[in-house]
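The numbering of the sequence shown is the numbering used here, which starts it at 295 and goes up by one. What follows is a set of notes on a single structure, which appears directly below.
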Amino acid sequence: MTTIPPVLHRGARAITPHEFLDALAATCVPRFPQARSRAQRPIALAISGGVDSMALAYLCSKIRQTDQWFKVVDHSISSPCGVIVNHDLREGSAIEADNVAVATRKLGVKSHVVRIRWDEVLPEGTKPNDVPNIETLARYLRYRRLGTFCKVGQMATLFTAHHEDDQYETVMMRLLSGHGYRGLQGMRPAVDIPECYDLHGVYQSGFVDDQRSRDPFYNIAPNARERKKLKRSLRNEVDPAVIAREIEAGLTTDLGTAYLDDYDGIATGSKRAPRLVPLELEDGGVMVYRPLLSFSKDRLIAHLSREQDPLV
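The structure is reproduced here in structure tokens:
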């Protein structure tokens with residue numbers, strides 16, 4: 295009969311930079327795997343001032359120090375940029391947002407404060423706190439401000455600090471509300487930015503404009519080696535005997551005669567085949583990623599405590 299091994303109740307471990315890079319690699323998969331780009335691109339961080347978002351800011355500030363060429367989605371990171379939304383729902387909120395911005399800069403992360411303008415969506419004389427669905431409206435305006443900020447700053451990646459405890463809470467609340475199996479899957483690690491469905495360049499759009507620009511972020515044109523390989527494979531698939539039999543089989547109509555004339559001209563090099571114009575398909579926009587879903591809040595607190603962050 296064996297004895298039960300002792301159980302050691304240890305404290306939460308701080309998150310190492312390599313752990314965070316592994317979480318990023320699993321969460322931020324490439325959107326355009328066939329594209330090539332050496333350009334670096336900034337990423338946006340939604341910062342609220344809480345422990346979770348400050349831990350996210352600190353971890354993102356160490357990405358380039360850990361791996362200078364690490365790619366988030368399709369590009370290497372030039373710099374993380376914290377975005378603090380001032381909802382302007384209570385007195386002193388502007389000062390609080392500025393204090394969070396200062397604390398974020400102390401972590402080595404650029405920060406910007408954006409303010410929600412309630413006068414643009416509410417009737418004149420209406421106070422935001424008097425609106426019954428203020429939380430829903432605030433979420434709507436918050437994501438639209440974040441999406442617009444990302445578009446202006448040419449950012450396609452937005453990080454939020456949802457962690458493992460938030461995931462458990464979400465699943466439990468949906469279970470109590472009677473959601474089906476889809477709702478019980480919890481928060482997805484990567485989603486298109488919500489509440490921005492009518493904003494071009496923010497929601498699932500902007501790729502065509504990028505390709506038309508002089509210096510696009512995504513280079514999808516094949517290089518010289520790929521073009522040679524494609525031509526070689528197409529040439530090997532052509533069987534002259536099969537083409538000759540098809541021609542002899544009955545291209546006797548006027549359309550067939552015109553085709554043969556063009557074919558002979560192209561074959562002798564006197565004419566060039568018309569260039570095929572690729573079909574433009576819209577894509578792109580801002581994606582929201584949640585790289586902290588695999589970490590508990592205790593580990594985030596332990597991480598900031600180790601770094602002696604003043605906000606803990």
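C-beta: ideal position from N, C-alpha, C; glycine also.
Under the three-state DSSP convention, the category residue i falls into
i           : result
residue 310 : coil
residue 587 : coil
residue 517 : coil
residue 597 : helix
residue 471 : coil
residue 368 : coil
residue 447 : coil
residue 410 : coil
residue 403 : coil
residue 481 : coil
residue 305 : coil
residue 592 : helix
residue 334 : strand
residue 606 : Low local confidence applies: a pLDDT of 44 at residue 606 is under 50, so the model's placement there is unreliable, with the coordinate-based value given in what follows. It is coil, neither helix nor strand.
residue 499 : coil
residue 487 : coil
residue 344 : coil
residue 425 : coil
residue 322 : coil
residue 295 : Below a pLDDT of 50, predicted positions are generally treated as unreliable, and residue 295, at 47, falls in that range; no measurement from the model is reported.
Local Cβ density within 10 Å of residue i, reported as buried at 16 or more and exposed below that
i           : result
residue 244 : This structure cannot speak to residue 244, because the chain is shown only from 295 to 606.
residue 439 : buried
residue 348 : buried
residue 374 : buried
residue 363 : exposed
residue 515 : exposed
residue 604 : Note on residue 604: pLDDT 45, under 50, position unreliable in the model; the coordinate value appears next. Exposed.
residue 587 : buried
residue 496 : buried
residue 351 : buried
residue 502 : exposed
residue 474 : exposed
residue 528 : exposed
Of the residues the options, the one placed nearest residue i, counting alpha carbons only
i           : options            : result
residue 482 : 584, 337, 320      : 584
residue 487 : 335, 340, 334      : 340
residue 326 : 335, 350, 369      : 369
residue 506 : 478, 424, 425, 576 : 576
residue 314 : 333, 335, 365      : 365
residue 359 : 312, 397, 317      : 312
residue 447 : 317, 538, 335, 318 : 335
residue 402 : 355, 518, 536      : 355
residue 607 : 523, 430, 397, 376 : What the structure shows of the chain is the stretch from 295 to 606, and residue 607 is not part of that stretch, so it cannot be assessed.
residue 382 : 412, 398, 517, 393 : 412
Neighbourhood of residue i by C-beta, 7 Å cutoff - its chain only, sequence neighbours within 5 removed
i           : result
residue 310 : none
residue 361 : 315
residue 434 : 489
residue 329 : 368, 512, 513, 514
Nearest-angstrom beta carbon gap, residue j and residue i [assumed within contact, 8 Å]
i           : j           : result
residue 405 : residue 371 : Residue 405 to residue 371, Cβ: 16 Å. No contact.
residue 461 : residue 579 : The Cβ separation is near 24 Å, so there is no contact.
residue 410 : residue 436 : 7 Å
Contacting residues, own chain, Cβ-Cβ under 6 Å from residue i (five flanking each side not counted)
i           : result
residue 346 : 455, 457, 594
residue 491 : 497
residue 510 : 504
Own chain partners of residue i with C-beta closer than 8 Å, once the 5 adjacent residues on each side are dropped
i           : result
residue 581 : 325, 367, 450, 451, 452, 484, 485, 486, 487
residue 478 : 465, 468, 469
residue 494 : 500
residue 321 : 483, 484, 583, 584, 585, 587
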